[in-house]
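Protein sequences, first through last, are from chains A and B. Letter by letter, the first sequence follows residues 1079 to 1279 in my numbering. Letter by letter, the second sequence follows residues 1000 to 1246 in my numbering.
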Amino acid sequence: MIDVSVKKTLGTFTLNARLQDEGFVCLSGKNGSGKSTLLRLIAGKLRPDEGFVKVNSVEVTSHPMEKRGVVLVTPDSYIPHFPVEKHLRWGASARGIRLAKDSVSATRAALGITYEGRMDKLSLGMRERVSLATAVLSHPSVLLVDEAFAALDDKESLMSALRGLCSKQGVDVLFTTQEETDGNGADHHYLLQKGTSTRLK
Amino acid sequence: MTPVLALLYWGLGPLSDPIGYGPEIQKGIALSLLASGMTVVLDIVLFTALSYYLARSRNIIAETLVDIPASIPHPVVGISLLVIDSPLTPSGKFLTSIGLNFFDSVLGLVVALTVISAPIYIKSMQPFFESMNQAHEEYALGMGASRMKTFLSVVIPNSTRGIVTASLIALSRAMSEFGSIAIIAFAVVSAPFGLSGTSPASVQVYDLFTYYGLGPAVTASAVLVLVSIPLMIALRLVRGGLRVEKE
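Encoded structure:
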């Protein structure tokens, strides 16, 4: 369960968002509507001026990034010098989780990761699959995906594969998009307009 | 560039003097290279993590503290090390009791060079870490990796170029140091590789000048410049490489 009520002013922009849901949640809005800011507040990169961030009913508002159980995946979220297989296993080992024998191969299959190689040598789309898979394998409470689907040619099938994986593991997902129709593939849908959130479903 | 070119022309040409490139100055250069190399290793080990901390925390008090050695006259650094090491002070008594001696020793030389070069190393590493893409480490932190694990396995392996550049700058700074080491280690009493009794290269140049006047000092200076040219070229190459990589 993601439960957020935050107010944050950055220059002339004010974000005033309320979001409380679980499952696969879509956050749509135009450029500059505050989507990334909201995700950074939930991940702990930014601190709110007012309000709280709760993950599975635990308040984490003042927790550092590494103690929230929240992973933020953007197109830059990867560890450049790691090869794919090491990358996939690293997140779980960083959290001290022993992965079940076939979980890496199952995640690879689900997200179509059939390739190897150093992360910084892969194409953007290939890299993003590995970043998402690594994040899921690290068993977070919440996975935040910031525009990371945009670079993928088979966005819809990947989103539904990720949704399947995450619901099986009990990971809540909040993803941002500029296209309101992406909300159709989600359990819940919020719209951000000039920093103010509205729950559409 | 003019002083450097003038030095090379006069020192190796019309004013060339065998004392200026003789065995003593060669040993001095070897000692300076050895001590500067050890200094850079210390800079990397002790100050890479501090630079990273400064880059991420923007702690003004710590930044000011780092700047202090760079803003005091270098002989003062030498004198302060002498005070710390003096048998008249408790710290000096303690250092002597555990067998550490700064005065006219390789240790004193390296400690002085570290005090002088550390701010330069940190001031080069800090902007490197600041300009680094933080999304990589934030991603690692989000997956629950500790700050230390993130620093060691995500940040450091992607900082090779920054560390090499900062090390070369610190090495040049250490090689060219005079003020502090003329006081703390005018000549090292005991050193490895047959360098016992040798003065660091920059100290020798000053010594030659006060003893003989210009002649041998100009040649020795020209030889020192020749030694530092490969350093400058290496620095250019690494920085050039960095720029290409960013594009």
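For every residue, glycine included, the Cβ atom is placed at its ideal position computed from N, Cα and C.
Proximity test, Cβ basis, 8 Å: S1123(B) and chain A: Within the second sequence, residue 1123(B) is the residue found at index 124, counting from 1. No, its Cβ sits nowhere closer than 8 Å to a Cβ of chain A.
Beta bridge counterpart(s) of L1088(A) as assigned by DSSP: Translated into positions along the first sequence, residue 1088(A) becomes position 10. Note: L1088(A) sits in a beta bridge opposite F1091(A).
Continuous alpha helix (DSSP H) stretch holding D1206(B): start and end: Within the second sequence, residue 1206(B) is the residue found at index 207, counting from 1. Residues A1200 to Y1211.
Status (buried if at least 16 other CB within 10 Å, exposed otherwise) for I1024(B): Position 25 of the second sequence, counted from the start, is the residue given in the question as residue 1024(B). So I1024(B) counts as buried.
CB contact below 8 Å: Y1120(B) versus chain A: The residue labelled residue 1120(B) in the question sits at position 121 within the second sequence. Closer than 8 Å: no.
Straight-line gap, T1090(A) to F1046(B) (C-alpha atoms, nearest Å): Walking along the first sequence from the start, residue 1090(A) turns up at place 12. Walking along the second sequence from the start, residue 1046(B) turns up at place 47. Roughly 39 Å separates the two Cα atoms.
Closest residue to K1199(A) among P1161(A), V1220(A) and G1169(A) (Cα-Cα distance): As a working mapping, residue 1199(A) is identified with position 121 in the first sequence. The option with the nearest alpha carbon to K1199(A) is P1161(A).
Among P1153(A), G1101(A) and M1079(A), the one whose alpha carbon lies nearest that of F1227(A): Position 149 of the first sequence, counting from 1, holds the residue named residue 1227(A). Cα-wise, what sits closest to F1227(A) is P1153(A).
Partner residues on chain B for A1178(A), Cβ-Cβ distance less than 8 Å: Within the first sequence, residue 1178(A) is the residue found at index 100, counting from 1. None at all; the shortest Cβ gap to chain B is about 17 Å.
Neighbourhood of T1038(B) by C-beta distance below 6 Å, restricted to the same chain and skipping five residues each side: As a working mapping, residue 1038(B) is identified with position 39 in the second sequence. Around T1038(B): V1109, L1112, T1113, S1116 and A1173.
Cα-Cα separation, R1207(A) to L1230(B): Your numbering for residue 1207(A) matches position 129 in the first sequence. Your numbering for residue 1230(B) matches position 231 in the second sequence. Each residue's Cα considered, the two are about 43 Å apart.
Inter-residue Cα distance where the pair is P1017(B) and P1215(B): Translated into the one-based positions of the second sequence, residue 1017(B) becomes position 18. Translated into the one-based positions of the second sequence, residue 1215(B) becomes position 216. Going from the Cα of P1017(B) to the Cα of P1215(B) covers about 7 Å.
Inter-residue Cα distance where the pair is L1124(A) and L1243(A): Counting from one through the first sequence, the residue named residue 1124(A) turns up at place 46. Counting from one through the first sequence, the residue named residue 1243(A) turns up at place 165. In a straight line, the C-alpha of L1124(A) is about 28 Å away from that of L1243(A).
Option in A1219(B), S1031(B), E1062(B) and L1014(B) with minimal Cα separation from P1191(B): The count along the second sequence starts at 1 and reaches residue 1191(B) at position 192. Comparing Cα-Cα distances from P1191(B) to each of A1219(B), S1031(B), E1062(B) and L1014(B), the minimum goes to S1031(B).
Under 8 Å by beta carbon: chain A residues contacting A1054(B): The sequence position of residue 1054(B) within the second sequence is 55, counting from 1. Here the premise fails: no neighbours, minimum Cβ distance about 16 Å.
Cutoff 7 Å; reference L1097(A); Cβ partners in own chain excluding five residues on either side: Against the first sequence, residue 1097(A) aligns to sequence position 19. Only I1080, V1082, Y1268 and S1275 meet the Cβ criterion.
Continuous alpha helix (DSSP H) stretch holding G1169(A): start and end: Sequence index remark: in the first sequence, residue 1169(A) carries index 91 (1-based). V1162 to R1173 is the extent of the alpha helix (DSSP H) around G1169(A).
Min CB distance E1144(A) to chain B below 8 Å: Counting from 1 along the first sequence, the entry for residue 1144(A) is found at position 66. For E1144(A), the answer is yes, since a Cβ of chain B falls inside 8 Å of its Cβ.
Contact between the segment 1084-1104 of chain B and the segment 1046-1057 of chain B (3+ Cβ pairs under 8 Å): no
The ligand MN heavy atom lying under 7 Å from the CB of R1125(A): Within the structure as shown, the ligand MN is missing, as the structure has no ligands at all.
Listed by chain order, chain B residues near Y1156(A) by CB distance under 9 Å: The count along the first sequence starts at 1 and reaches residue 1156(A) at position 78. Simply A1134, H1135 and Y1138.
N- and C-terminal bounds of the alpha helix (DSSP H) containing H1073(B): Working through the second sequence from its first residue, we reach residue 1073(B) at position 74. Note, H1073(B): alpha helix (DSSP H), H1073 to D1084.
Distance between I1059(B) and V1065(B) (C-alpha atoms, nearest Å): By one-based count along the second sequence, residue 1065(B) stands at place 66. By one-based count along the second sequence, residue 1059(B) stands at place 60. Cα to Cα, the separation comes out at about 10 Å.
Cβ neighbours of D1206(B) in the same chain (closer than 7 Å, five flanking residues each side left out): Position 207 of the second sequence, counted from the start, is the residue given in the question as residue 1206(B). Counting only Cβ-Cβ distances below 7 Å, and skipping sequence neighbours, we find S1198.
Coil, strand or helix - Q1133(B) by DSSP: Translated into the one-based positions of the second sequence, residue 1133(B) becomes position 134. Three-state result, Q1133(B): coil.
Under the three-state DSSP convention, the category L1177(A) falls into: What you label residue 1177(A) is simply residue 99 of the first sequence in a count that begins at 1. The answer is coil: DSSP assigns L1177(A) none of H, G, I, E or B.
Straight-line Cα distance separating K1148(B) from N1132(B): Your numbering for residue 1132(B) matches position 133 in the second sequence. Your numbering for residue 1148(B) matches position 149 in the second sequence. Approximately 17 Å, taken between the alpha carbons.
Identity of the residue in I1168(B), R1235(B), A1221(B) and E1129(B) nearest P1013(B) by Cα: Taking the second sequence and counting its residues from 1, the one referred to as residue 1013(B) is at position 14. Per the Cα distances, A1221(B).
Within chain A, partners of V1153(B) - CB distance below 8 Å: The residue labelled residue 1153(B) in the question sits at position 154 within the second sequence. Within 8 Å Cβ-Cβ: I1157.
Own chain partners of K1245(B) with C-beta closer than 6 Å, once the 5 adjacent residues on each side are dropped: Along the second sequence, read from residue 1 onward, the residue named residue 1245(B) stands at position 246. With a pLDDT of 49 at K1245(B), under the threshold of 50, the modelled position of this residue cannot be trusted; read the value that follows with caution. Correct list: empty, nothing qualifies.
Beta-ladder partner(s) of E1128(A), from DSSP: Residue numbering aside, residue 1128(A) sits at position 50 when the first sequence is read from its first letter. DSSP lists K1085(A) as partners of E1128(A).
For R1146(A), the nearest candidate out of A1178(A), R1118(A) and E1258(A) (CA to CA): Position 68 of the first sequence, counted from the start, is the residue given in the question as residue 1146(A). Measuring from the Cα of R1146(A), the nearest candidate turns out to be R1118(A).
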